[in-house]
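>
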Amino acid sequence: MNNFIKKYLFLAFAIILINGEVVGQASRPNILLILMDDLGYSDVGFMPDAASDIHTPNLDLLANQGTVFTSAYVTHPFCGPSRTSIMTGRAPHDLGAQFNLAAFSGNGINAEEKFISKVLDEADYYTGLIGKWHLGEETEFHPNSRGFDYFYGFLGGGHEYFSNSWLNHSTYDPSNYSVGNYTGDYKRPMMENSDYVASASGAYCTDVLTDAGIQFIENASQNTEPFFLFLSYNAPHTPVQAMQSDINEIKTELGNNAAPDGSERLTYTAMMYNVDNNVQRLVNQLKSTGEYDNTLIIFLSDNGGKTSRGALNSPLRGGKGDAYEGGFRVPMFFHWPNGNVPQAYTHSSNFSSLDFYPTFAFLAGATIPESKIYDGLNVWDDIINKSNPRADVPVFVMRQHNGSNYTGIVENNFKLYTPGNGRWFLYNLTNDIAETTDLSAQYPEIVASMKEAAYQWTWSHIRPEFFDNPSYGFEDSWSDTNMPNFGKTFGDLYDPNDYDKPTNISIQSENLVDAYIYPNPVSNTLYIEFDSSEGQKCDAALYDMSGRLLQLQLSLGQSGNGAFVLPIDNVIPNGSYIFKASIGEKSCSKSIIVSR
Ligand code: CA
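With the numbering used here as the guide, the letters of the sequence shown map in order to residues 37 to 632.
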């Protein structure tokens, strides 16, 4: 077992001991996930150090009635990879989804990967996606194929805001557009499920999407089952376009605090003012349909704000595209009335958008398939108890750009950063959230430990399945081990053989075999008897009940009678686990009990 997993394991148990038993009965709330696009860290009023020219009173009220998260991280500083993690609970790099999808490319996120929408759909949730998708346009990648009962919006990466610029729904044909044609992408007519539909003349996109959300809540309220609504606004992503009436109103509301007349910033703030009023329309609808009390509302951004186009991430350094905090630390709140989440509380522990997958499944009482790999934590207990789900458990970000790996690791209050050139910088976020003072010379052990964790994190990365731009210059240089220059980034740590180590055991149901596993319960040594031919190698892994890898042993040795031998790592305490083994093309999966 490597040190990283050991440390992770130790801390996982520490958390369990501190918090006692896992939360009991899930109450199956409605889940309204409001995802903003490229919203800056300080571009909502409820965040500390909020910009003074932002006016979002309705969002602020919701946030202040719930829990605000000041250290919420997404997994990538760009849209598509970040959204991939929200839907799959996995690092985008493990799915070859490190880049945005190019418009009309025909690519998408691996169709075998089970999205959280599918998990919730199978748990009898009424599921809807409204707004931006950006995870694949072909039928197999379409929201309706990924667990969403209902879809209204657009499949690409952004959108023009005024309906007068949208193309005619009756003649629109995506096959007329070449890969990467963003004009054709951003002017798509709205789509309802698999049909292009007409929109009213003079309509504004955020209003149109909210109208669809209001209708969805109306329909959902007719059902006895709860709903999951993923409301994926494209605001305030470029193009920066606002209604003149919203510009006028925010100027009236803020007076001298409003951004300067004619500035792009003023238009941006008006876009968020519009979002704020539309979120209130959704809240009003939840109340009038009787759904409000049982709805968990989550609000966050998919990545940092684009400072060159009106956004502000202050006091954070950097923005969209960066591995500095401004690229992937985002504003977030959770709201659920009647004390179901702590009220008027600011949670400063590190959270990750990877956590949505297991947390939503838990809240829904849904079952995550045993074979599903996910990287996040069920953090519900920590939200309720105001405790820290990530003591000593890092979050990672990596953006590949021009052959370099912009990499960030946040562990507790420390941030390790590299632009990918082998030079690493350490910041203490507690008193230096703006990442100004490099402490790497002062704390070499912390640098070494965090760098090692980041290096091991890359072992499971795979080559990109697609690139955001067909002219991307490094497509030919990607390899299974050195990606774009992992050697340059990790220096002496780098060993191409490390990338041959599988980081999980793949279980394919058509190749499942019934191996004889004994003894069970097991104290120290587990034996595995396969119907195998001589000389075959057996790999084995132990997972906790949430699917997290605890121990991985490759090429197990054999005992005298031919059984493969797995010494159970002595840091694994008594309890129930999932054991998986693979031999050649065949696999087995069993639950076992460790009892010493
Ligand atoms: Ca984005």
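Note that CB positions come from ideal geometry on N, CA and C, so glycine has one too. All values reported here derive from a predicted model rather than from experimental measurement.
Determine, using beta-carbon pairs with one atom in the segment 257-267 and one in the segment 294-306, whether at least three such pairs fall under 8 Å.
Two segments are said to touch when three or more pairs of C-beta atoms, one from each, lie closer than 8 Å; by this definition the segment 257-267 does not touch the segment 294-306.
> Can you list, in chain order, the stretches of the beta strand (DSSP E) that have 3 or more residues and sit fully within the segment 360-399?
Within the segment 360-399, the complete beta strand (DSSP E) runs of at least 3 residues are 365-371, 381-383.
> Helix, strand or coil, according to DSSP, for H205 in the structure here?
coil
> Quick check on M227: does DSSP put it in helix, strand or coil?
strand
> Residues around ligand 1, please: the ones whose beta-carbon is closer than 7 Å to some heavy atom of it, in chain order.
D73, D74, F114, C115, S118, H273, D338, N339, K356
> Using beta-carbon positions only, say whether D505 and A138 come within less than 8 Å of one another.
The sequence as given places Asn at residue 505; Asp does not occur at that position. Yes, Cβ-Cβ distance for N505 and A138 is below 8 Å.
> Closer than 8 Å is the cut-off here; do at least three beta carbon pairs connect the segment 107-114 with the segment 353-373?
yes
> Using 8 Å as the threshold, is the C-beta distance between D79 and H273 below it?
no
> Quick check: the Cα distance between N212 and N100, rounded to an integer number of angstroms?
48 Å
> In whole angstroms, give me the CA-to-CA distance for A108 and W514.
31 Å
> Based on the DSSP output, what are the partners of H437 in its beta bridges?
S440
> Would L462 pass as a contact of Y491 if the rule is Cβ separation under 8 Å?
no
> Less than 6 Å between C-beta atoms, sequence neighbours within five positions excluded: which residues of the same chain meet that for Y222?
G194, H195, E196
> Give the straight-line distance between the Cα atoms of C624 and T561, rounded to the nearest whole angstrom.
Roughly 18 Å separates the two Cα atoms.
> Name the DSSP bridge partner or partners of G189?
G167, M227
> Which residues bound the beta strand (DSSP E) around Y410?
Per DSSP, Y410 belongs to no beta strand (DSSP E) and is neither H nor E.
> Does chain B have any CB closer than 8 Å to the CB of Y613?
Of the protein chains in the structure, only one exists, and it is not chain B.
> Buried or exposed: which applies to L352, given that a residue is buried once 16 or more other Cβ atoms fall within 10 Å of its Cβ?
buried
> For the candidate residues G596, D605, A599, whose alpha-carbon lies nearest to that of Q589?
D605
> Output the boundary residues of the beta strand (DSSP E) element that contains K452.
In the sequence as presented, Lys is not what sits at residue 452; that position holds Leu. Where L452 is concerned, the enclosing beta strand (DSSP E) stretches over 450-454.
> Under three-state DSSP, which class holds L68?
Looking at L68 - three-state DSSP - the assignment turns out to be strand.
> Please confirm if the segment 139-157 is in contact with the segment 172-182, defined as three or more CB-CB distances below 8 Å between the two stretches.
Touching, yes, given that three or more Cβ pairs across the two stretches are closer than 8 Å.
> Looking at the structure shown, is V59 part of a helix, part of a strand, or coil, going by DSSP?
Its pLDDT being 35, under 50, V59 is placed unreliably by the model, and nothing is read from it.
> What's the C-alpha gap between S631 and Y563?
15 Å
> From P225, Y218, I469, V431, pick the residue whose C-alpha is nearest to that of Y208; which is it?
P225
> For the alpha helix (DSSP H) that contains L290, what are its first and last residues?
Counting along the chain, the alpha helix (DSSP H) containing L290 begins and ends at 280-290.
> Across which residues does DSSP place G144 in a beta bridge pair?
The partner list for G144 (beta bridge, DSSP) reads G172.
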